[in-house]
Each structure stands twice: as C-alpha cells, then as structure tokens.
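Quick note, the UniProt record's numbering runs 6 ahead of the 1-based positions in the sequence shown. Cβ atoms here follow ideal geometry from the backbone N, Cα and C, with glycine treated the same way. Contents: one structure, followed by commentary.
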Amino acid sequence: DVQVAASERPIALSVLRSTFGYDSFRGEQEQIIDHVVGGGDALVLMPTGGGKSLCYQIPALVRPGVGVVVSPLIALMHDQVTALEALGVRAGFLNSTQTSAERYATEQAALAGELDLVYLAPERLGLERTQEFLDRVRVSVFAIDEAHCVSQWGHDFRPDYLKLSVLGERWPEIPRIALTATATPATRREIVERLGLQRARTFVASFDRPNIRYRIEPKQQPLRQLVDLIRTEHDGDAGIVYCLSRNSVEKTAEALVREGIPALPYHAGLPGDVRAEHQSRFLREDGLVMVATIAFGMGIDKPDVRFVAHLDLPRSIEGYYQETGRAGRDGLPATAWMAYGLADVVQQRQLIEGSDGDEAHKRLLSRQLDAMLGLCETLRCRRQLILEHFGEHSEPCGNCDTCLEPPTPWDGTVAAQKLLSTIVRLKRERNQRFGAGQLIDILLGRHTPKIARWHHDQLSTFGIGTELTDLQWRAVVRQLLAEGLAAVSADGHGTLELTETSWPVLRGEQTVALRQDPVVQAGAGRRRKG
Ligand code: ADP
Ligand code: ZN
7 DVQVAASERP IALSVLRSTF GYDSFRGEQE QIIDHVVGGG DALVLMPTGG
57 GKSLCYQIPA LVRPGVGVVV SPLIALMHDQ VTALEALGVR AGFLNSTQTS
107 AERYATEQAA LAGELDLVYL APERLGLERT QEFLDRVRVS VFAIDEAHCV
157 SQWGHDFRPD YLKLSVLGER WPEIPRIALT ATATPATRRE IVERLGLQRA
207 RTFVASFDRP NIRYRIEPKQ QPLRQLVDLI RTEHDGDAGI VYCLSRNSVE
257 KTAEALVREG IPALPYHAGL PGDVRAEHQS RFLREDGLVM VATIAFGMGI
307 DKPDVRFVAH LDLPRSIEGY YQETGRAGRD GLPATAWMAY GLADVVQQRQ
357 LIEGSDGDEA HKRLLSRQLD AMLGLCETLR CRRQLILEHF GEHSEPCGNC
407 DTCLEPPTPW DGTVAAQKLL STIVRLKRER NQRFGAGQLI DILLGRHTPK
457 IARWHHDQLS TFGIGTELTD LQWRAVVRQL LAEGLAAVSA DGHGTLELTE
507 TSWPVLRGEQ TVALRQDPVV QAGAGRRRKG
C-alpha cells in the first residue's frame with residue numbers, strides 16, 4: 007500500500023495550489039516529491055530558502071498516514087506547527103518542552119489518523135516508547151531535517167542524530183527523505199553512511215545565491231567599517247552581525263545602539279527568555295540588527311534580512327555560506343560583508359591548536375580554515391570559489407567585490423623573503439620566536455621599547471622593509487599565513503614560524519603573488535555599482 011502511482015502527481019500539484027497557495031513547483035521540488043510519494047528514499051541538498059519544507063510536507067499530505075519530521079529546531083516547532091495549522095494542515099509535535107499529557111494527546115491524535123505531520127525532536131527517537139509508538143502509527147514518510155547535524159565534523163553536530171539510523175533499520179518500507187543546506191561532498195558522504203541512505207536518490211540544487219553580493223575587506227577599525235556599511239548602504243535595513251565571542255557580541259550591540267542603529271545581542275550566555283524575546287523582535291520588527299554568535303540563525307526564516315556582516319572570520323566556507331545565506335531569502339539584493347584581518351588568522355589557528363580533538367580532527371579543522379582563508383585572499387571571483395567548494399562549476403559572477411573591483415596582484419616575493427628571513431635569523435641567531443607585530447617593527451626599523459629590550463635593532467634585517475607600510479606588511483603576513491608559506495606556531499603566543507614551503511621562497515625558487523588590499527576609508531571600496 008506504500009506504492010503510489012505516477013497518477014498521484016496531479017494531486018501533489020493540487021495540494022501545492024490549494025493548501026500552500028503557490029502556482030508551481032520550484033527547481034526540483036516536483037521530481038523530489040514524485041520520488042518520495044512513489045516510496046523512494048531521497049537526499050536533498052538545497053540552499054537555505056530553496057524550498058525544502060514542501061519536499062516532505064506534500065508527500066506527507068499525499069501519502070496515507072502521518073509524516074514524521076525529525077528536527078533539531080525544538081524552539082521553532084511550536085511556530086512551525088502553528089503556521090501549518092493556519093494552512094489547514096493537521097500538525098503536532100513531540101519534544102521535551104511539553105508535559106507528558108500534551109505528548110500523550112499528540113500521540114493519540116496520530117494513532118487515530120487525525121494528524122498529517124508530526125515534528126519530533128531527535129532525542130525522542132532513542133526512547134523505546136517512541137519507537138513503540140512509531141510501530142503502532144501509520145507513518146507516510148520520515149523526513150530528517152538539517153541532516154548535516156549527523157556529521158561529527160560539522161559545527162552543528164547533534165549526537166542524537168546518530169540514532170536516526172534506526173529509521174531505515176526498523177521501518178525499512180517507509181520512505182525517508184533527508185534534507186540539508188550543507189553540501190560539501192564530505193558531509194554528503196557522511197549523511198549517506200550514517201543514515202544508511204545508500205539507495206537514496208540524491209537531488210542537488212544549485213547553491214548559487216545570485217542576489218547576494220559577497221564582499222570581504224581588510225579589518226582596520228571593524229566597528230567603524232560596520233557602521234559605515236550600515237549607514238551608507240543599509241540604513242534602516244534588517245541585518246545580522248556575527249561575532250566570535252559573547253563579549254564582542256555585547257560590545258558590538260552596545261556600540262551600534264550608541265550610533266543610533268537599533269541592535270540586539272544574541273548568544274548562548276543570555277537567559278532563554280531574553281533570547282526568545284530578541285529573536286521574536288528580530289522577526290517581527292522592521293530594521294533591527296541582530297548581533298549574534300553562530301548560535302543564532304539555524305531555522306530562522308526572515309525573508310528580508312538585507313545584510314549579514316562578519317566581524318570575525320568563520321571557521322569554514324560551509325559556516326560562512328550558511329550564515330551569509332540568511333541574507334536575501336526573498337530574492338532581492340542583499341549584502342554578505344566581512345572584515346578580516348591578520349589577528350583572525352592567528353586566533354583561529356590557536357583555537358584549532360588548543361582544541362581537544364585528536365590530530366585527525368585538528369587536521370580537518372585546519373583544512374577547513376585553509377579553504378576559508380583561500381576565499382578571503384583570492385584574486386578570483388568569490389562566488390566561483392564558494393560554488394567550487396560545493397562541487398559546482400560557474401563563471402565569474404559580476405556581483406562580488408573581486409568581480410566589481412578586481413584586486414591588483416603584485417609580486418610579493420622579495421617582501422616574503424624579508425619577512426621569512428627575519429624569522430630565520432631570530433631563530434638561528436637568538437633562538438627566539440616572535441609574533442607578526444614585532445616582526446613588522448623590525449622590518450620597518452622602528453625604535454620601540456620592545457625592539458630596544460631585545461636588541462632587535464642589531465639584526466641584519468632591521469629596517470630593510472620600509473618600502474611597505476605597516477598595513478601593507480600586515481597584509482603580506484596574512485597572505486603568507488593563508489598560503490601556508492608561514493605558520494602560527496603551537497606555543498599559544500601567536501608567534502610565527504616557517505613551514506616546509508617557506509624554503510623554496512627563501513631560496514628564490516618560487517615567486518609569491520600577493521593581492522593588493524583595497525584602500526579602506528569611509529565609503530571607499532563599497533560604491534554601489536550598476
Ligand atoms: P528551506 O527550508 O529550504 O530554507 P523553505 O522551505 O523555508 O526553505 O522555503 C523558503 C520560502 O520559499 C518559504 O517562504 C516558502 O513558502 C517559499 N516556497 C517554497 N516553495 C515554493 C514554491 N514552489 N513557490 C513559491 N514559494 C515557495
Ligand atoms: Zn564574482
């Protein structure tokens with residue numbers, strides 16, 4: 007009875023129209039729904055805002071029984087169910103925010119065939135009583151939302167997701183559809199393996215978000231830069247500003263408010279009711295800026311977020327893509343802007359070094375950071391690079407900073423040699439290691455107290471780098487770190503050391519192409535084009 011013929015297809019379309027009020031399917035929705043309605047398993051990779059929900063909601067309505075949706079977004083279940091009920095869909099949820107009487111009532115409704123959809127928190131699936139309930143209820147489809155949460159290397163890992171393999175084992179005849187907006191080949195493989203979806207058909211939508219303009223600029227006075235961005239281009243717009251730490255979230259939100267820009271903080275350290283209030287204000291009110299850690303955002307469906315700003319470097323392109331993907335879900339022009347500096351690189355390297363994972367895990371984090379740095383320092387189209395990361399080929403986009411104002415490449419070989427040989431001399435002659443600041447002071451021949459204390463004015467490289475400014479040197483160091491031509495050492499002090507690939511540069515066997523940072527002044531580098 008699980009086989010539903012292709013003749014059911016007009017039913018899917020009429021459900022789309024009568025229940026959801028849309029005229030036609032988007033992208034591959036129709037093929038996905040057809041496949042699942044017909045009893046097949048599916049893995050759906052679609053960017054945020056692409057329309058994943060309908061891919062399981064419609065099969066749940068077309069097939070007999072109740073659709074069971076596993077979702078980690080417990081805080082949003084109530085809203086999701088309310089929204090569905092408003093459309094006339096009979097929906098309920100089961101999670102730990104309910105009393106057992108409420109859960110019992112939902113279960114009874116499902117058993118009586120009175121529900122089309124039930125949202126389920128993943129931790130409930132590990133419970134024997136939940137499994138027995140699912141044995142007794144007629145399930146039309148299992149949907150696994152945010153399926154990348156099963157990936158142990160991803161930043162959204164939920165241990166409870168590992169239990170979801172039970173779905174295919176215990177109820178093999180019921181179609182499963184796993185959905186995610188994270189689509190690197192590695193994550194994909196992990197989802198298939200851990201959820202036992204080897205026989206699922208995979209649907210990959212394009213990950214391009216053409217209305218988002220990507221921009222990454224050197225970090226100088228980040229707050230000033232952010233305020234300029236908002237004032238000159240996003241006055242009165244809703245936006246999200248991501249910061250790494252709770253502390254910088256608080257400080258940034260306060261600073262924006264002082265500047266007359268309405269802003270609210272959001273991070274895991276705030277009491278639950280404050281977070282809930284800030285979140286609902288952000289969704290309801292116009293023109294609010296949410297300053298947040300990455301704790302904010304998953305499942306937030308606010309169509310008119312006009313900009314997403316990063317004041318700190320994300321750890322991976324996946325994270326960056328997800329976070330920036332919250333801008334412009336309505337398809338109108340939106341900005342993904344980031345300020346990025348040398349200190350970010352050093353800090354992220356130190357975070358990886360100090361993390362408690364094993365070596366393999368650290369290597370993986372390191373590779374993810376390398377890819378992110380590559381995106382920051384590229385001379386190529388940013389969108390092209392992002393899409394390549396997701397295995398998608400594309401042409402230069404014309405709607406990112408490197409397309410609009412191509413950065414000038416310059417031959418940084420001599421500069422790199424000067425910097426690297428300073429590191430070598432310090433090590434060989436003094437057995438010392440220093441951070442970028444001191445190295446740059448040496449190259450610029452500055453007579454600071456720290457230079458005097460260490461007698462660094464005696465080094466042969468003292469003052470040999472005056473052809474560049476302090477800012478330019480910082481850009482050189484940043485790019486060498488991004489290219490792996492120098493490294494942050496593991497001593498926890500942010501000191502720099504050579505890598506194997508430094509030597510060919512020092513010996514003059516390899517040249518180093520660097521990009522010239524655009525000049526950052528108020529308004530510069532962010533003129534509206536076209
Ligand atoms: P995702 O879960 O992939 O982030 P959603 O399922 O929340 O995306 O859909 C994003 C938005 O697009 C929602 O407002 C949804 O109602 C709308 N949408 C989805 N499919 C269609 C369609 N076929 N026609 C018009 N709007 C659609
Ligand atoms: Zn581009």
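Which residues mark the beginning and the end of the alpha helix (DSSP H) in which P191 is found? What you label residue 191 is simply residue 185 of the sequence shown in a count that begins at 1. Taken as a continuous stretch (DSSP letters only), the alpha helix (DSSP H) holding P191 covers 191–201.
Beta-carbon distances below 6 Å to any heavy atom of the ligand ADP define the shell here; list its residues in chain order, please. This criterion selects Y28, F31, R32, Q35, M52, T54, G55, G56, G57, K58, S59, L60, D307.
What's the gap between the Cα of residue 558 and the Cα of A81? The question about residue 558 has no answer, for the chain in this structure spans 7 to 536.
Within 10 Å of its beta-carbon, does P16 have 16 or more other beta-carbons around it, so buried, or fewer, so exposed? Within the sequence shown, residue 16 is the residue found at index 10, counting from 1. Around the beta carbon of P16, fewer than 16 other beta carbons lie within 10 angstroms, which makes this residue exposed.
Local conformation of I39 per DSSP, three classes: Here residue 39 refers to the residue found at position 33 of the sequence shown. Residue state, collapsed to three classes: helix.
Between the beta-carbon of G305 and the beta-carbon of I218, is there less than 9 Å? Walking along the sequence shown from the start, residue 305 turns up at place 299. Walking along the sequence shown from the start, residue 218 turns up at place 212. No, Cβ-Cβ distance for G305 and I218 is not below 9 Å.
Which residue from L410, L520, T414, I446 puts its Cα closest to that of residue 549? A query on residue 549 cannot be resolved here, the shown segment of the chain reaching from 7 to 536 and no further.
I'd like the list of long-range same chain contacts for L117, defined as Cβ closer than 7 Å, with 5 residues on each side in sequence excluded. Locating residue 117 in the sequence shown gives position 111, where the first residue counts as 1. Here the set comprises R142, V143.
What are the uninterrupted segments assigned as beta strand (DSSP E) that are 3 or more residues long and contained completely in the segment 56–105, given in chain order? The segment 56–105 contains these whole beta strand (DSSP E) runs: 72–76, 97–100.
Assuming G55 and R335 form a contact by the criterion Cβ under 8 Å, report the distance between their Cβ atoms to the nearest whole angstrom. As a working note, residue 55 is residue 49 in the sequence shown. As a working note, residue 335 is residue 329 in the sequence shown. That belief holds up - the Cβ atoms of G55 and R335 are roughly 4 Å apart, short of 8 Å.
Segments of 4+ residues assigned as alpha helix (DSSP H) that fall wholly inside the UniProt domain "Helicase C-terminal" (228–379): Runs found: 228–239, 252–264, 278–290, 323–330, 348–360.
For P271, which residues in the same chain have their Cβ closer than 6 Å to its Cβ, ignoring the five residues on either side in sequence? Numbered from 1 along the sequence shown, position 265 holds the residue referred to as residue 271. Closer than 6 Å at Cβ, skipping near neighbours: V255, E256, A259, V297.
Between the CA atoms of G397 and E152 - distance to the nearest angstrom: Position 146 of the sequence shown, counting from 1, holds the residue named residue 152. Position 391 of the sequence shown, counting from 1, holds the residue named residue 397. Each residue's alpha carbon lies about 20 Å from the other.
Contact defined as beta carbons within less than 8 Å: I believe L67 pairs with D122. What is the distance between those atoms, to the nearest angstrom? One-based indexing of the sequence shown puts residue 67 at position 61. One-based indexing of the sequence shown puts residue 122 at position 116. Taking 8 Å as the upper bound for CB-CB distance, L67 and D122 are in contact here, some 5 Å apart.
Between G498 and the ligand ZN, is the CB less than 8 Å from at least one heavy atom? On the sequence shown, position 492 is the one that residue 498 refers to. In this structure, G498 has its CB at a distance of at least 8 Å from all heavy atoms of the ligand ZN.
Please report the distance separating the alpha-carbon of R200 from that of G500. The residue you call residue 200 lines up with position 194 of the sequence shown. The residue you call residue 500 lines up with position 494 of the sequence shown. Pairing R200 with G500, the inter-Cα distance amounts to about 38 Å.
W460 in three-state terms, based on DSSP: As a working note, residue 460 is residue 454 in the sequence shown. Reduced to three states, the DSSP call for W460 is coil.
Is S146 helix, strand or coil by DSSP? Position 140 of the sequence shown, counted from the first residue, corresponds to residue 146. The three-state secondary structure of S146, taken from DSSP, is strand.
Where the alpha helix (DSSP H) through E411 begins and ends: As a first step, residue 411 must be located in the sequence shown, where it is residue number 405. Looking at the DSSP string, E411 is not in any alpha helix (DSSP H), and its letter there is neither H nor E.
Proximity to E223 [Cα-Cα], best of L379, A89, G245: Counted from its first residue, the sequence shown places residue 223 at position 217. It is L379.
Can you check which of these residues, V352, R355, E329, is closest to W343 by C-alpha distance? Position 337 of the sequence shown, counted from the first residue, corresponds to residue 343. E329 is the residue among V352, R355, E329 whose C-alpha sits nearest the C-alpha of W343.
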